[in-house]
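One structure is given here, and the rest of the page talks about it.
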Amino acid sequence: MDSQMMTGNLAAAWGARLADVDYIPAFPITPQTEIVETLATWCERGELAARFVSMDSEHSMMTAAGAAEVTGARVFTATSSQGLLHAFEVLYSISGWRAPLVLVNVSRALAAPITLESDHNDVLAARDAGFLQIHAETCQEVLDSILMAYRIAEDERVMLPVIVNLDGFTLSFTREPVTVPDPDSVRRFLPPFRPFHLGFTASSPHALGVAVIGGTTYAYFRHQVHLASRNALEVHRETAESFHALFGRRYDLVEGYRLDDAEDVLVMTNAGASTGKAAVDAARARGKRVGLLRLRVIRPWPADAIRQALRGRRAVAVLDQNLAPGQGGILYQEVAACLYHETARPRALCSFVGGLGGQQLSDGAFQAVFEQTAEAGISGTGRGPVLLYSAEEHREMTQLQMVAAGSVRREM
Amino acid sequence: MWQRETFKKIKQIPREEHVLPGTALCAGCGGLEALRLAAKVLGDHVVYVNAAGCFTMLAAYPYSSFKGSWLYTTMGSAPAGAQGIRDALDVLIAKGRVPKDEDVKVIVLGGDGSTYDMALSSTSGAMNRKLDFYYICYDNEAYGNTGMQLSPATPFAARTATSPCSLQHPGATQEKKDIFEIWRAHRPPYIATVAPRYPLDLAEKFARAAAYTGPKMFLALSACPTGWGYDPGATPEVAKLAVETGLWPLKEAVNGVVTHTYIPKRKPVEAYLQLQGRFRHLFEPTVHTEAIRHIQGQVDAYWRQAIQEQA
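Taken in sequence, the protein lines are chains R and W.
Offset between the first sequence (1-based) and this note's numbering: plus 1325.
Offset between the second sequence (1-based) and this note's numbering: plus 438.
See below:
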């Protein structure tokens, strides 16, 4: 199978095409738009037998997506950032409807200030919505994860929607070699969507999303969402095995990089992990025994896999490309929680926040992260949250502030 | 002259009930009566797509008031839910995964809060895309399910929980938003206003709408004893007077062309206002002559123009 150069966005569109989706409600937003533009063209040319509909907002788009899915169609859609948040209440409805659609989110930082570049506050805001979340590092992984996502979502032990996340710009607009699986193999991997318990037809009516009175009923149904999400851990394992057998590429819940003899481990997600891996190589070249753990499946939270990868380490640093103001990094908290009862837990756990809104992390920044993490491991005292911001960035920002202040004076 | 063709006599309205009794809605709900009559024409092969509002209580686990399907969406996007269902059914029928005779009518049920405010963009989008669906707005002229707060459907001078009245300030200061004309600007094939006390007019309009593919928009007067402050038994009278005073015109627009389906002799508006607690401050302790004159003036101006246009 030859690979071809394509962007993360095009890879996402290929994922939807190979999954042979029936319905694509769409709404444009940077940096996602290339995905729906591509799909619109394919639908128009008849290369994809799906109905493409331009909706009036992401809120409407997600509602139409979920409603079509529970009618029995296989649905794909995509958004980013403000769009995801505009649709936010609908995410909870869709998981409650148990609509196993796939949503690609192309990560982009949230306003204000308004920006187009990437961080993960958008997708992580949706972490409690009942969607499964798969965060991809490469364009190939974007395509492959979408195929896996449909199979996991539609498994009757799961029946939940999935977000496949890729980083805006760094992945969405970066061309990488991607092998496009042949449709016949995909058909063997992903059976057609024929739900027996969904649909609105004349002879088989359903009432969905109905009101409940009292916590007993409400709690029951939300517990079901949680338990189904936990089932996805096993379903993911089976799916990954089957995917590996057919296509030769293996995806686990988490991915270890040079972990075998690593004393200290850096935890990252998404395309930023590629930069992190390069930093690990650089540190290794300096004689440091470091490695990287990339969290790939964020929901369900793969606590056992994380514990297994991190037990016995000297120190662990979680580099969050997101910020919960007043708290710190979001994933740091979750990593910390799942290590609490681990007897061989790392001596120190550090929290770093970096890469917000497309902020570039320099080699120096990674070096500082490794050094501070090693020190924390030796002293046995955790550190953070450390907001990564270099002296050079500070100088640049000071200059911009002077320009801004100057323009204010001129107006006065 | 507009004439009924399908429903000339009350006997012609089917006896079979499609909205089952025992709902959690208030006694005397005018909106529910409108839906009950509409459902006699629409039948059971339907999916109701609901927006947050009073009617959300029509399907409360483990019960549903319908033999057809139901999907509760959100307050602001029921028409988008209808879009997803209609599109999916079309695709599945085209691909042979759903037999054609299993098709259902897709019907949005939204209150005035959803319809006039939050779901307006979603409704506009659905009409613009020429979605083949029914939209029924049960209009009780306030955010009813939350306890009667001001909505853009609230008429001038009505007291609501968020437009309280005083001697200086008689309730709502805004005029009711003209959603009929906003809809009409989108040129859907069929729009109608209906009132539950006029069952033949109501049933006829649903029968006529069935001939059109595309958005079929209904605005149903939902006389509301709980929110408007009158005895539940008086709903027929209140709904009747809303029409007979000219405050609630019965009309339709076919491809944008408006016809008034009933021309009332127009009783003075006081006859309608005086029945309701939400207007009591216009009469007690002193009479707000100016506010009442303003309401009468608006109605008179409306009908002067309507009759002129229809002539």
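For every residue, glycine included, the Cβ atom is placed at its ideal position computed from N, Cα and C.
On a predicted model such as this, the values are computed, not experimentally measured, just so you know.
**OP:** For TYR581 of chain W, verify whether its CB is less than 7 Å away from any heavy atom of the ligand ADP.
**Re:** Among the components of this structure there are no ligands whatsoever, and the ligand ADP is therefore not found.
**OP:** Any chance you could list the beta strand (DSSP E) runs of at least 3 consecutive residues sitting entirely within the stretch 1660-1718 of chain R, in chain order?
**Re:** 1673-1678 and 1708-1712
Original post:
Do three or more CB pairs link the stretch 502-513 of chain W to the stretch 683-691 of chain W at distances below 8 Å?
Top reply: no
**OP:** Please work out which residues of its chain come closer than 7 Å, Cβ to Cβ, to GLN1713 of chain R, disregarding the five sequence neighbours upstream and downstream, and give them in chain order.
**Re:** One point to set straight first is that residue 1713 of chain R is Leu, not Gln, in the sequence displayed. Counting only Cβ-Cβ distances below 7 Å, and skipping sequence neighbours, we find PHE1677, VAL1678, GLY1679, LEU1686 and ALA1690.
**OP:** If I'm right that LYS543 of chain W touches PRO653 of chain W with Cβ under 8 Å, what's the distance once you round it to whole angstroms?
**Re:** About 13 Å; that fails the 8 Å criterion.
Subject >> Per-residue contacts from ALA1596 of chain R into chain W (C-beta, under 9 Å) >> reply: Those within 9 Å of ALA1596 of chain R in chain W number zero; the least Cβ separation is about 32 Å.
Subject >> C-beta neighbour in chain W for SER1406 of chain R, strict 8 Å >> reply: no
**OP:** Would you verify that the beta carbon of MET1737 of chain R is, or is not, closer than 8 Å to some beta carbon of chain W?
**Re:** With a pLDDT of 44 at MET1737 of chain R, under the threshold of 50, the modelled position of this residue cannot be trusted; read the value that follows with caution. It does not; no Cβ of chain W falls within 8 Å.
Original post:
How big is the Cα-Cα spacing for ARG704 of chain W and VAL479 of chain W?
Top reply: 29 Å
Original post:
THR494 of chain W versus chain R: which residues are under 8 Å apart at the beta carbon?
Top reply: ALA1536
Original post:
By a C-beta neighbour count over all protein chains shown, 10 Å radius and 16 as the cutoff for buried, is GLY1612 of chain R buried or exposed?
Top reply: exposed
Subject >> Amino acids of chain W, ordered along the chain, whose beta-carbon sits closer than 8 Å to that of LEU1343 of chain R >> reply: In chain order: nothing, as chain W lies at least about 17 Å away.
**OP:** Can you tell me which of the three DSSP states LEU688 of chain W falls into?
**Re:** coil
Subject >> Top-ranked residue by Cα proximity to HIS1561 of chain R, from R:ASN1647, R:ILE1360 and R:ILE1477 >> reply: R:ILE1477
**OP:** State the start and end residues of the unbroken alpha helix (DSSP H) segment that holds ARG1632 of chain R.
**Re:** 1628-1635
**OP:** Determine whether the Cβ of THR511 of chain W lies closer than 8 Å to any Cβ atom of chain R.
**Re:** yes
Original post:
Per DSSP, what kind of secondary structure is ALA1344 of chain R in: helix, strand or coil?
Top reply: coil
**OP:** Check whether the Cβ atoms of LEU1472 of chain R and SER1420 of chain R sit closer than 8 Å, and answer yes or no.
**Re:** no
Subject >> TRP508 of chain W - partner residues in DSSP beta bridges >> reply: R:ALA1532 and W:TYR486
Original post:
Near ALA498 of chain W, which residues of its chain fall below 7 Å by C-beta distance, leaving aside the five closest residues on each side in sequence?
Top reply: ALA462
Subject >> ASP1589 of chain R in three-state terms, based on DSSP >> reply: strand
Original post:
Pairing CB atoms from the stretch 1369-1387 of chain R with CB atoms from the stretch 523-532 of chain W, are three or more of them under 8 Å?
Top reply: yes
Original post:
Just to confirm, are THR1440 of chain R and GLY1597 of chain R a CB contact at a threshold of 8 Å?
Top reply: no
Subject >> Euclidean distance between Cα positions of LEU1449 of chain R and ALA1392 of chain R >> reply: 24 Å
**OP:** Identify whether VAL1489 of chain R lies in helix, strand or coil by the three-state DSSP scheme.
**Re:** strand
**OP:** Give the DSSP bridge partners of GLN1458 of chain R, in chain order.
**Re:** R:ILE1488 and R:ARG1624
Subject >> Coil, strand or helix - ARG1735 of chain R by DSSP >> reply: Here ARG1735 of chain R scores only 48 on pLDDT, less than 50, and its place in the model should not be relied on; the value that follows carries that caveat. ARG1735 of chain R falls in the helix class under three-state DSSP.
Original post:
Count the other CB atoms within 10 Å of the CB of LEU605 of chain W; is the residue buried (16 or more) or exposed (fewer)?
Top reply: exposed
Original post:
Do ILE574 of chain W and LEU659 of chain W have their C-beta atoms closer together than 8 Å?
Top reply: no
Original post:
Helix or strand or just coil, what does DSSP make of ILE698 of chain W?
Top reply: Note that residue 698 of chain W corresponds to His in the displayed sequence, not to Ile. If DSSP states are grouped into helix, strand and coil, HIS698 of chain W belongs with the strands.
Original post:
Between HIS483 of chain W and GLY609 of chain W, is the Cβ-Cβ spacing less than 8 Å?
Top reply: no
Original post:
From the beta carbon of SER1418 of chain R, is the nearest beta carbon of chain W less than 8 Å away?
Top reply: yes
Original post:
Is the Cβ-Cβ distance between GLU1459 of chain R and SER1470 of chain R less than 8 Å?
Top reply: One detail in the question is off: residue 1459 of chain R reads as Ile in this sequence, not Glu. Contact flag set, yes.
Original post:
Under 8 Å, do TRP1626 of chain R and GLU1659 of chain R count as touching if we go by C-beta distance?
Top reply: yes
Subject >> Extent of the continuous beta strand (DSSP E) to which THR631 of chain W belongs >> reply: 628-632
**OP:** Look up CYS467 of chain W in the DSSP assignment and say whether it is helix, strand or coil.
**Re:** coil
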